[in-house]
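Have a look at the structure below before the remarks.
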Amino acid sequence: MLPRDFPGDLADELRFFPVFLDAPERLFEELLATVVWDTRLRTASFGIPYNYSGLTYPELPFPPAIATLAERATPPLGFLPNNALLNLYAGDGGMGFHSDSSAALASGSGVGIVSLGAARELVFRRSVERYTLVLPAGSLLRMSLPMQATWQHALPAADPTTAARISVTFRRIVSD
Ligand SMILES: O=C(O)CCC(=O)C(=O)O
17 MLPRDFPGDL ADELRFFPVF LDAPERLFEE LLATVVWDTR LRTASFGIPY
67 NYSGLTYPEL PFPPAIATLA ERATPPLGFL PNNALLNLYA GDGGMGFHSD
117 SSAALASGSG VGIVSLGAAR ELVFRRSVER YTLVLPAGSL LRMSLPMQAT
167 WQHALPAADP TTAARISVTF RRIVSD
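Under the working numbering, think of the first position of the sequence shown as 17, with each following residue one higher.
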């Protein structure tokens, strides 16, 4: 369920599953223990690379835990992910307002975000409007591609004492 203050033209572009995973702690611990993080932005990329923020990644197979998660997320997302970009956030880490580039993404697909660890806020903005969605551990959010032209989103920094969070973002990249 999305917050009630979300306008219809934003809500129509989102699908939110607050309880997508029943045991998100297990996956969080496994990823924390096994993923080798790129130290530039505390990211890790699997599958066909989605190169952004001036960073390029090598193509790597999905580790088994990510492959299982991608398979499970396919029906609610409505597309089969071939890229997983993971972000690791400390409490005071975040991501500023931006919209995702859709140029390399399959038409009709979207961006999926699976959240693990500490719950954090995702803020959508369009001009002066702001709407906040809390992403709890185990939730799945799907953002459409068309909304990226109108809306930006950000993950504001939180209190430094906030525990770590991992997001697994899924995309379907179209290869040339
Ligand atoms: O980590 C998150 O939940 C946000 C990720 C994000 O904004 C993005 O991938 O564009």
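From the three backbone atoms N, C-alpha and C, an ideal C-beta is built for every residue, glycine too. Please read all numbers here as calculations on a predicted model, not as lab measurements.
Excluding residues up to 5 positions away in sequence, VAL51, VAL52, TRP53, ASP54, LEU102 lie with their Cβ nearer than 7 Å to the Cβ of ALA60 in the same chain. If you compare the alpha carbons of ALA180, GLY24, MET163, ILE82 with that of LEU132, the shortest gap goes to ALA180.
With fewer than 16 neighbouring CB atoms inside 10 Å of its own CB, GLY24 falls in the exposed class. Positions of the alpha helix (DSSP H) runs, each at least 4 residues long and wholly inside the segment 36-74, are given as 40-50 in order along the chain. Under a 10 Å Cβ-count criterion, VAL127 is classified as buried, with 16 or more other Cβ atoms of the shown protein chains found around its own Cβ. Of the heavy atoms belonging to ligand 1, none sits nearer than 7 Å to the Cβ of THR59. Under a 10 Å Cβ-count criterion, VAL144 is classified as exposed, with fewer than 16 other Cβ atoms of the shown protein chains found around its own Cβ.
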